[in-house]
Each structure stands twice: as structure tokens, then as C-alpha cells.
Amino acid sequence: MKKLFLLDAYALIFRGYYAFIKNPRINSKGMNTSAIVGFMNSLLEVIRKEQPHLLAVCFDKGGSQERSALFPEYKANREETPEAIRFAIPYIHQILHAMQIPVIEKEGYEADDIIGTLAKQAEKQGYTVYMVTPDKDYGQLVSPNIFMYKPARGGKDTEIWGVEEVKENFQVENPEQVIDLLGMMGDAVDNIPGLPGVGEKTAQKLLKEFGSLENLLDNTDKLKGKLRENIEANKDKGILSKTLARIILDVPVTFDEKDFELSSPKMAEIEPLFEELEFRTMLTTLQKAFGVAPVSTQPDLFSLAGQPSPIAGTATPSLFDLAPSKKLQTIKDVPHEYQLLTTQDEVKALLPELLKQKEVCFDTETTSLDEMEAQI
């Protein structure tokens, strides 16, 4: 089956920003690029690992008119968007345009509604769909051919949730019950009230007993004490909360394969953008992910002096490219012995010996194998 990847832009942008909150990515110009770096790490990870042919990035636009009409307080408790994220959005749009990645947005709808609508349409056409997001609400959409795809973060590997993973993580009988769960317990992030006094554990217990929010509300006589009192007094609030939590599946968008095909990026547009943002390592990562070469004709720091400028569209020669080929060796085929250094004097004594060597190899311990996120 053909695979379709749909990315929730703002969910990944916010996650990326907060991933670097203790160590913001500030470049030499004072630009906080944390949100851009975090989002691009997720995007390039998907492209590098999955090599998708069909992919789109979906944005919220103007909030959810339908939910706000039902409940004006919907998302009203959210703090103002951090300045670094507001700064990041135009750059992310420019980068996506230069990468020729389809962007889907619809006035009055949120990204999860757009993704839900497209995912269900694509599933009916025989596609396997991966919803790239850390947002738990998407669990309600999971089916045998629709998956949640949670990109790697903080040393944790990528997580892909199918039906069984959703059932296990939410403690439900089927993914559709995620809507009932959210309706009962509410969602503080989106200011969905839920039923007073009902948290996650209680909601899971009630779902096991009654199967749905509606069945619970029809059988409150089986409850006791304060819980019964709270639920009976707030039945309308429960129904409203479930409606707010349900992802809309009739957004006026249409899945057509040709509109979601991934193309080669326009490096002539990407390079100056990445140069401005000082994304030198990320530029290399992008080139490797797409298998493309840089277009710049300017020699870099490692260029061999005296070499003619390369033709546009080819990679700049470097000392590493032009060095004589050499058989790589590892610790397995090089004679060696171990020496444990336990004092400062022993370390100082080793340094002159290292300086005598033609080559020295250092091994470092990092928090991740992802060079864009790893810390020593």
C-alpha cells in the first residue's frame, strides 16, 4: 500500500521550541531559532527514515470556528504564543515553499481536523496514513491503516501507534473511545471542561463499565456519592466536551495523490535561507535526506586552495573529498592496549604522546545519535 505522511505543523513547532527551552538555539545574530530547528528536525527525520513519496504539512488557520461558536471559552486559557514561535512561522513557511513540500490550511479549521479529513479520505482510497504529531487527541483517528507517528525526541526513538498501542496507552477497548475519554476527563490545554471530579483514571474506569459517555449519562443511578451528583448536574457539559474533543472529518479539503507528491528542494532558495539562519549542519542533513548537492560556487572553509570554482549545481570540493583514498581501520584491526588515567598528572603526561601521532581518534558520549539534538 502507498504511504501518506501528514504533519501537524504547530504541534511539532511548539514541541520543538520547548525541547530547547533550557538551551535555546540562539545564533550569532541573536535570532532564537529553537522552534525552526525543532520542527525541521522532525520533518527531516521523517524524510530521511521513511523516504516518503507523499507528504504534506498542515497548519491551523484562524482557529476552530465551529468549536468557538459552541463554546467561546475554547482554548481561551492559552498563554500568548512565545515570540520565538511567532518569529519562526514565516521562516518555516519559506523553507517549506523552497523545499516544494505541500502545505495545507483552511480558514476556520485546525490542523487535526484537516489531517483527520484527509486521512479518512486516503484510507478509503487504499493508502496507509501516518499522522506525524505528538498530540494525543489523534488517537481517536487510528485504524488498521491510519497510524500516529511520534518523531524521536530527547534520546527516545520514534513511536508509531496503531490500534493496539492506542488501546494500551489510553486503556480503552477501541480508538473511538478516546473521544469519550477526553469528553469525560476534559483537556486543560484546550480548555475543554469535561465532567467535574473525573480525571483520567476515573474516566478509564467509567469507560470500562459503561462503554461510552452517553451510556454513562443514561445510567447515573448506578453511581454513588459525590461522583453521581457531579455527573448528573453536568450532563450537558459532558456532551459539549465530547463534541469539542471530536476531530472534524468533513473539512472542505480533498485528497488527490498528485497534490501530495514530494519533489526535490530548490537549493538555490534554501541555501540563502539557511545561511541567514546559520543552519550549516542542517543544510548538510537536508542535502543527504534528499540526495542533492549544494548550488553554491563559493569555496568553504575546507576547500582546497588553488582549486577552480565548481560548476553551479555540483558540490564544492574539500580537503576531505580530494584526499587520497585510504582503507578505514577500526579498533578491531589495529593493535592496541588500554591505559586508565586516574590523575591530572597522568593526563598531562599523555598529551605529549598524542601530539607525536599523525592521527588521533576521540570517542564521545552523547545524549542522542541525532547530531541535530545531541548534547555531549
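The sequence shown begins at 687 in the numbering used here and counts up by one.
Glycine residues also receive a C-beta, built at the ideal position from the N, C-alpha and C atoms.
Note that the structure is predicted; figures quoted are calculated from it, not measured.
Notebook entry, point to check: Looking at the unbroken alpha helix (DSSP H) that takes in residue 888, where does it start and where does it end?
Noted result: The residue you call residue 888 lines up with position 202 of the sequence shown. It spans 886 to 896 - the alpha helix (DSSP H) in which residue 888 sits, taken as one unbroken run.
Notebook entry, point to check: Any idea which residues DSSP pairs residue 799 with across the strands?
Noted result: For the purposes of this step, residue 799 is taken as the residue at position 113 of the sequence shown. According to DSSP, which records beta bridges pairwise, residue 799 is partnered with nothing at all.
Next item on the list: For residue 917, name the three-state secondary structure that DSSP assigns.
Entry: Sequence index remark: in the sequence shown, residue 917 carries index 231 (1-based). Note: residue 917 maps to helix in three-state DSSP.
Check: Does the count of Cβ pairs from the segment 781 to 793 and the segment 702 to 710 closer than 8 Å reach three?
Finding: No, they do not touch.
Notebook entry, point to check: Does the distance from the CB of residue 960 to the CB of residue 948 come in under 8 Å?
Noted result: Working through the sequence shown from its first residue, we reach residue 960 at position 274. Working through the sequence shown from its first residue, we reach residue 948 at position 262. No; because the gap between Cβ atoms is not below 8 Å, this pair is not in contact.
Check: Near residue 770, which residues of its chain fall below 7 Å by C-beta distance, leaving aside the five closest residues on each side in sequence?
Finding: If you number the sequence shown from 1, residue 770 lands on position 84. Taken in chain order, the residues that qualify are 703, 718, 720, 721.
Checklist line | Distance, residue 824 Cα to residue 868 Cα | finding: By one-based count along the sequence shown, residue 868 stands at place 182. By one-based count along the sequence shown, residue 824 stands at place 138. If you take the alpha carbons of residue 868 and residue 824, they lie about 11 Å apart.
Check: Going straight from the alpha carbon of residue 788 to that of residue 743, what length do you get?
Finding: To locate residue 788, count along the sequence shown from 1; it is residue 102. To locate residue 743, count along the sequence shown from 1; it is residue 57. Taking the straight line joining both Cα atoms gives about 6 Å.
Note to self: Between which residues of its own chain and residue 916 is the CB-CB distance below 6 Å, once the five residues before and five after are set aside?
What the structure shows: Stepping through the sequence shown from its first residue, residue 916 is reached at position 230. Taken in chain order, the residues that qualify are 882, 883.
Item checked: Sequence-distant residues of its chain with Cβ nearer than 7 Å to residue 798 (five each side left out) -> Counted from its first residue, the sequence shown places residue 798 at position 112. 694, 821, 823, 824, 933.
Next item on the list: Entirely within the segment 761 to 818 and at least 3 residues each: give me those beta strand (DSSP E) ranges in chain order.
Entry: 814 to 818
Item checked: Sequence-distant residues of its chain with Cβ nearer than 7 Å to residue 920 (five each side left out) -> Along the sequence shown, one-based indexing puts residue 920 at 234. Excluding positions up to five away in sequence, the list reads 881, 882.
Checklist line | Alpha-carbon to alpha-carbon, residue 747 and residue 902 | finding: Within the sequence shown, numbered from 1, the residue matching residue 902 stands at position 216. Within the sequence shown, numbered from 1, the residue matching residue 747 stands at position 61. Going from the Cα of residue 902 to the Cα of residue 747 covers about 35 Å.
Item checked: Neighbourhood of residue 730 by C-beta distance below 7 Å, restricted to the same chain and skipping five residues each side -> Reading the sequence shown from its first residue, position 44 is the one you call residue 730. Around residue 730: 971, 972, 975.
Checklist line | Per-residue burial, residue 839 [other beta carbons within 10 Å of its own, 16 or more giving buried] | finding: Here residue 839 corresponds to residue number 153 of the sequence shown, with the count starting at 1. So residue 839 counts as buried.
Item checked: According to DSSP, residues forming a beta bridge with residue 742 -> As a first step, residue 742 is located in the sequence shown; it is residue number 56 there, counting from the start. 692.
Margin query: So residue 802 and residue 935 are supposed to be a Cβ contact under 8 Å. How far apart are they, rounded?
Written below: The residue given as residue 802 occupies position 116 in the sequence shown. The residue given as residue 935 occupies position 249 in the sequence shown. About 5 Å separates the beta carbons of residue 802 and residue 935, which is inside the 8 Å limit, making them a contact pair.
Checklist line | DSSP three-state assignment for residue 687, whether helix, strand or coil | finding: Along the sequence shown, read from residue 1 onward, the residue named residue 687 stands at position 1. Residue 687 falls in the coil class under three-state DSSP.
Notebook entry, point to check: Are three or more beta carbon pairs between the segment 751 to 763 and the segment 850 to 869 nearer than 8 Å?
Noted result: no
Next item on the list: Could you work out which residue in 725, 749, 757 is closest to residue 775 when comparing CA atoms only?
Entry: What you label residue 775 is simply residue 89 of the sequence shown in a count that begins at 1. For residue 775, the nearest C-alpha among the options comes from 725.
Notebook entry, point to check: Cα-Cα, which of 890, 716, 1036, 944 is closest to residue 741?
Noted result: Taking the first residue of the sequence shown as 1, we reach residue 741 at position 55. Among 890, 716, 1036, 944, the Cα nearest to that of residue 741 is on 944.
Margin query: I need the DSSP call for residue 947, collapsed to helix, strand or coil.
Written below: By 1-based counting over the sequence shown, the position of residue 947 is 261. Looking at residue 947 - three-state DSSP - the assignment turns out to be strand.
Check: According to DSSP, is residue 862 helix, strand or coil?
Finding: Residue 862 sits at position 176 when you count from the first residue of the sequence shown. Note: residue 862 maps to coil in three-state DSSP.
Next item on the list: Consult DSSP for residue 957 and reduce its assignment to one of helix, strand or coil.
Entry: Here residue 957 is taken as the residue at index 271 of the sequence shown, counted from 1. Correct three-state label for residue 957: helix.
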